[in-house]
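Protein chains in written order, with this note's numbering: chain A, 1 to 315; chain B, 1001 to 1260.
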């Protein structure tokens, strides 16, 4: 891990740590930060997939949904412990990602995007139609909160749990980036032909990252189900997949930090724009458009460029 | 024939109606430097792409140490001990010189995504060793001080050397060099020829495609001459230089209207 990463990790941990005190235990702000953390877990995986494997997934909401429904169904209808349900969700998501990814990642081009769009729609239909298990369009309610020794993990402690998971996955991701696997993926990005000639099996690593990103999304989905206690298919449709994708693009795909920044912006922005009422969507759209027009590399890179330009002028 | 180190048998490659290679037989003996020369378009780079699996032959076979190569994927062929450089340098952008060479050791490392993500002890040891070996290769090519620089920020001459360092890091048995001297000044070329000889001393067999005749004639053990996708001559450098067919291929045949 690089020095800058360590510094950023430290400040992130510090910010999350003091946040509940900063807002005086305000439940609205705490749940906002929980949602930010859940989205961040999913977008980190997506960032690895886009920035390092150069692939686009239009079906990540469905993996989020697989996690949520695994946790929801298994804990309410089968009485399984939440931790076990959590791992079942991971297993199912990984399996689906493997089946979809294996044939598509061997092809060049945007087959992956199309295939994930397809699997996203299929899973959306499954969530809707397998009503005896999922509750169909009217949803699944009464999902118990996570608990340790009979004490429910709610509010601030759930915030710490979500961000603890996010933090571990962030460290895991940074380690992967700065390893043999990350090196191989960056090399493939630079010249796939040369990487192959040096013995790198590009398809294999792209598949691994895709499976990893599906697992991240599933983890976020499981935690989400326990947090909101009610889930319905609409939360896991194409719109949410695109929103997750937008978070990564707005923040920037060069580093995983860009995904975190983008997630922060797009999770919080609607909350701040709510006061504009009828104009909310218009302003939201205008902001997204101007980011893509003026900072096509994402906000993080945009800020960095402005910073270096300043420095250049002083010198 | 099959018992040879590297042997190509009746290798043919056509692109649409264009025949780049037509029934080429070529064998390379272990431990030697073999050069392939020929006018532009003679099929030299196609030959390299066929050996390394980037292209599939239309007809014919490639054998390496008794194993058939054609049909294997490029990364599998690399795993059998064949490495290469590219005519138009293909280094990895946004990676340092050191990282480029470390990538060359990819197949010598084992850590998968989990060992890497959790930074297990074995993975950390492996990375440390990989770094040391990569630095050694940089030193061998005289690039040790450039380790931390972005690979593409180096001048062309050093980029070419860096590409060789990356190929050496794979610990190849056979190294394919595609025009390593192109774009180099005479002093760098002299240094390059010395370097190639040192690579042979490490026990690595070299197949060289090159236009710089001084370099080819100075270091090669055997020279093969291609023209229009066929081998027209083969032998030690001295013989090749006097071969009338070779001279004709390079200078144009007499009475062909070539201006004097």
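Glycine is no exception: its CB is placed at the ideal position from the N, C-alpha and C atoms.
| Asked | Found |
| --- | --- |
| Within 10 angstroms of the Cβ of residue 1068 of chain B, are there 16 or more other Cβ atoms? Answer buried if so, exposed if not. | exposed |
| Tell me, to the nearest whole angstrom, how far the beta carbon of residue 229 of chain A is from that of residue 68 of chain A; I am working on the premise that it is less than 8 Å. | 11 Å between Cβ atoms; not a contact. |
| Output the distance between the C-alpha atoms of residue 1031 of chain B and residue 1155 of chain B, rounded to the nearest integer angstrom. | 31 Å |
| For residue 1086 of chain B, does the three-state DSSP call read helix, strand or coil? | coil |
| For residue 240 of chain A and residue 1047 of chain B, what's the separation of their Cα atoms in angstroms? | 50 Å |
| Is residue 11 of chain A near the ligand PLP, with its Cβ less than 7 Å from a heavy atom? | Absence of the ligand PLP is noted for the structure shown, with no ligands found whatsoever. |
| I want to verify the contact list: residues of chain A whose CB lies under 7 Å from the CB of residue 1093 of chain B, in sequence order. | 190 |
| Looking only at its chain, what residues have a beta carbon closer than 8 Å to the beta carbon of residue 1194 of chain B, apart from the 5 residues adjacent to it on each side? | none |
| Apply the 10 Å Cβ neighbour rule to residue 1049 of chain B and answer buried if 16 or more other Cβ atoms are within range, or exposed otherwise. | buried |
| Could you tell me which chain B residues have their CB closer than 7 Å to the CB of residue 193 of chain A, listed as they occur along the chain? | 1054 and 1090 |
| Per DSSP, what kind of secondary structure is residue 1044 of chain B in: helix, strand or coil? | helix |
| Give the single residue among A:117, A:76, A:271 and A:171 whose Cα lies nearest to the Cα of residue 139 of chain A. | A:76 |
| By the DSSP assignment, the alpha helix (DSSP H) with residue 1063 of chain B in it spans what residues? | Taken as a continuous stretch (DSSP letters only), residue 1063 of chain B belongs to no alpha helix (DSSP H), being part of the beta strand (DSSP E) at 1059–1064. |
| Quick check on residue 1021 of chain B: does DSSP put it in helix, strand or coil? | strand |
| Are any of the Cβ atoms in chain A nearer than 8 Å to that of residue 1064 of chain B? | no |
| Out of curiosity, what's the CA-to-CA distance linking residue 1214 of chain B and residue 1107 of chain B? | 35 Å |
| Would you call the CB atoms of residue 1219 of chain B and residue 1196 of chain B closer than 8 Å? | yes |
| Where does the unbroken alpha helix (DSSP H) through residue 206 of chain A begin, and where does it stop? | 202–228 |
| To the nearest whole angstrom, what separates the beta carbons of residue 256 of chain A and residue 1 of chain A, a pair I think is in contact under 8 Å? | Contact flag wrong, Cβ pair sits at about 11 Å. |
| For the alpha helix (DSSP H) that contains residue 31 of chain A, what are its first and last residues? | 27–47 |
| Cα separation between residue 295 of chain A and residue 195 of chain A? | 30 Å |
| Alpha carbon to alpha carbon, how far is residue 1231 of chain B from residue 309 of chain A? | 57 Å |
| Does any CB atom of chain B fall closer than 8 Å to the CB of residue 207 of chain A? | no |
| Under 7 Å between beta-carbons, which chain B residues line up against residue 201 of chain A? List them in chain order, please. | 1075 |
| Could you tell me whether the Cβ of residue 1086 of chain B comes closer than 8 Å to any Cβ of chain A? | yes |
| Is the stretch 211–225 of chain A touching the stretch 118–138 of chain A, taking contact as three or more C-beta pairs under 8 Å? | no |
| With 8 Å as the threshold, decide whether the Cβ of residue 1170 of chain B is near any Cβ in chain A. | yes |
| Taking buried to mean at least 16 other C-beta atoms within 10 Å of its own C-beta, is residue 150 of chain A buried or exposed? | exposed |
| Can a CB atom of chain B be found closer than 8 Å to the CB of residue 97 of chain A? | no |
| Grab the span of the alpha helix (DSSP H) containing residue 171 of chain A for me, first residue to last. | 155–177 |
| For chain A, find out if any of its Cβ atoms is closer than 8 Å to the Cβ of residue 1078 of chain B; answer yes or no. | yes |
| Suppose contacts are defined by Cβ-Cβ distances below 8 Å. Is residue 1008 of chain B in contact with residue 1229 of chain B by that definition? | no |
| Would you please state the rounded distance, in angstroms, between the beta carbons of residue 74 of chain A and residue 80 of chain A? I believe it to be under 8 Å. | 4 Å |
| Let me see if you follow: with CB-CB separation under 8 Å, is residue 1258 of chain B close to chain A or not? | Here residue 1258 of chain B scores only 39 on pLDDT, less than 50, and its place in the model should not be relied on; the value that follows carries that caveat. By this cut-off, residue 1258 of chain B is not an interface position. |
| Got a sec, what are the start and stop residues for the alpha helix (DSSP H) residue 251 of chain A sits in? | 238–251 |
| Counting only the same chain and skipping the five closest in sequence on each side, list residues whose C-beta sits under 6 Å from that of residue 97 of chain A. | 210, 211 and 214 |
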